[in-house]
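**Student:** First residue of the sequence shown? That's 3 in this note's numbering, and the numbers climb one at a time after it.
Just so it is clear, CB atoms sit at the ideal spot from N, CA and C, and this is done for glycine as well.
Remember, it's a predicted structure, so these values are computed and weren't measured experimentally.
The structure's right below; bear with me while I get my questions together.
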Amino acid sequence: MSDFKTTGYKNSNSHHCECCTCMEGYPKKCDCGGLIHVEKTESDNFGSLLVFRCDNCNFVFDIQEEEY
Numbered sequence: 003m004s005d006f007k008t009t010g011y012k013n014s015n016s017h018h019c020e021c022c023t024c025m026e027g028y029p030k031k032c033d034c035g036g037l038i039h040v041e042k043t044e045s046d047n048f049g050s051l052l053v054f055r056c057d058n059c060n061f062v063f064d065i066q067e068e069e070y
């Protein structure tokens, strides 16, 4: 039986990954089979940004300014 260390999934049948750095509701499944994570990054021009990126195909789905 697979476990979290080998699959990245908390429950191998649920297909939901436990990610402590993503905001609520993420990660989500990408069409390529990877997971879409939300990363917080800093920009000199725009301040704090939230980047929605797949961990498999590396496609960036959205970039948003973080709201305070």
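Closer than 7 Å by C-beta to E41: which residues in its own chain qualify, once you throw out the five before and the five after it? Chain order, please.
**Tutor:** By one-based count along the sequence shown, residue 41 stands at place 39. Answer for E41: V53 and R55, listed in chain order.
**Student:** Spell out the partners DSSP gives E44 in its beta bridges.
**Tutor:** Your numbering for residue 44 matches position 42 in the sequence shown. Answer is S50.
**Student:** Expressed to the nearest angstrom, what Euclidean distance is found between the alpha-carbon atoms of H17 and K30?
**Tutor:** Residue mapping note: residue 17 aligns to position 15 of the sequence shown, counting from 1. Residue mapping note: residue 30 aligns to position 28 of the sequence shown, counting from 1. Because the pLDDT of H17 is 44, which lies under 50, any placement of that residue in the model is unreliable, and the number read from its coordinates should be weighed accordingly. Rounded to the nearest angstrom, the two C-alpha atoms are 9 Å apart.
**Student:** State the DSSP-derived secondary structure class of D64, mapped to helix, strand or coil.
**Tutor:** Sequence index remark: in the sequence shown, residue 64 carries index 62 (1-based). Note: D64 maps to strand in three-state DSSP.
**Student:** How big is the Cα-Cα spacing for I38 and C32?
**Tutor:** Residue 38 sits at position 36 when you count from the first residue of the sequence shown. Residue 32 sits at position 30 when you count from the first residue of the sequence shown. Roughly 6 Å separates the two Cα atoms.
**Student:** Quick check: is the beta carbon of D64 nearer than 8 Å to any beta carbon in chain B?
**Tutor:** No chain B appears in this structure, which consists of one protein chain only.
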